[in-house]
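Be aware that the sequence shown starts at 18, since it is given in our numbering, and climbs by one per residue. Heads up, the beta-carbon is just placed ideally off N, CA and C, and yes, glycines get one too.
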Amino acid sequence: MKNIDFLGCKKDNTKLDTRKEGKFVSPVTEVNFEVVDPENTDLRELITFLDEELKIRYPHETIYVVDFEDPKVKEMTFVVAYLNGKPVGCGGLRPLDYIGIEIATMELKRFYVDSSYRKMGIATNMLLFLEAQAIAAGFKEIRLETGIKQPEAIALYVKHGYQPIDLFGPYLGDPDSLCYGKILDVDALPESF
Numbered sequence: 018m019k020n021i022d023f024l025g026c027k028k029d030n031t032k033l034d035t036r037k038e039g040k041f042v043s044p045v046t047e048v049n050f051e052v053v054d055p056e057n058t059d060l061r062e063l064i065t066f067l068d069e070e071l072k073i074r075y076p077h078e079t080i081y082v083v084d085f086e087d088p089k090v091k092e093m094t095f096v097v098a099y100l101n102g103k104p105v106g107c108g109g110l111r112p113l114d115y116i117g118i119e120i121a122t123m124e125l126k127r128f129y130v131d132s133s134y135r136k137m138g139i140a141t142n143m144l145l146f147l148e149a150q151a152i153a154a155g156f157k158e159i160r161l162e163t164g165i166k167q168p169e170a171i172a173l174y175v176k177h178g179y180q181p182i183d184l185f186g187p188y189l190g191d192p193d194s195l196c197y198g199k200i201l202d203v204d205a206l207p208e209s210f
């Protein structure tokens, strides 16, 4: 694995195209973000931890899971965050094709950082990495659903420019759901993305 900092420079300051590598290292946390396939065991284990945490916060409500048996799951982009080789976070993007969506849009799914590794910048850097993946794939917007009992997630999304939007798709009518969206700005990303 190459040592890559957040701006996509190798230690000798030469530029590296992180999209071709599929991974980069954040200098603040020394975390590697790696694009993985849906069968990745680290991804699956992190999603299990996420589901367990959500069941505690929402014991009687619907939890919107990813159906790994659905053939469309192969259209998704998944990322696992590794700290010193240990999987500590994950996230995914899936293309949206709901009626009424007029621009190329992806949905952020299964975004999670292990509670022992929060407040280290991992979530912020993983979100930026996923946004860069969406832009590289030609998408113009990211939408997401989070729950009313997840103030730390809401704060993260708002801090990074996500605005409240109407509920969409499977979240319509769910009183525990909040949806956010962000138009992606290609010019705002570091050139290494």
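If you drop the 5 nearest sequence neighbours on each side, which residues of the same chain put their C-beta closer than 8 Å to that of D183?
-> In its chain, beyond the 5 residues on either side, C196 have a beta carbon closer than 8 Å to the beta carbon of D183.
Boundaries (first-last residue) of the beta strand (DSSP E) holding I182 = Per DSSP, the continuous beta strand (DSSP E) segment holding I182 begins and ends at Q180 to I182.
Which two residues bound the contiguous beta strand (DSSP E) that contains K126?
-> Per DSSP, K126 is one residue of the beta strand (DSSP E) stretching across T122 to V130.
Helix, strand or coil: how does DSSP classify V203 here?
-> When secondary structure is reduced to three states using DSSP, V203 falls in the helix class.
Output yes or no for whether 8 Å exceeds the beta carbon distance between V105 and Y99.
-> A contact, by the Cβ cut-off of 8 Å.
Just the C-alpha distance for E69 and I139, rounded to the nearest angstrom, thanks.
-> Rounded to whole angstroms, E69 to I139 spans 20 Å at the Cα level.
Whole-angstrom distance between D193 and I165, CA atom to CA atom | So the two alpha carbons sit approximately 5 Å from each other.
Using the C-alpha atoms, what's the distance from T94 back to Y188?
-> Between Y188 and T94, the C-alpha separation is close to 21 Å.
Option nearest E62 by Cα separation, candidates D87, M143, K103 and Y81 = When only C-alpha atoms are compared, the closest one is K103.
Alpha-carbon to alpha-carbon, R160 and L113 | Note on geometry: alpha-carbon atoms of L113 and R160 lie some 9 Å from one another.
Under a three-way DSSP split, which group does Y197 fall into?
-> Assigned with DSSP and collapsed to three states, Y197 falls in strand.
What do you get for K126, buried or exposed, if any count of 16 or more other CB atoms within 10 angstroms of its CB means buried?
-> Buried, by the Cβ-count rule.
Selection from L67, P168 and E92 that minimises the alpha carbon distance to Y81 = Ranking the options by Cα distance to Y81, first place goes to L67.
So what does DSSP say about I171, is it helix, strand or coil?
-> Helix.
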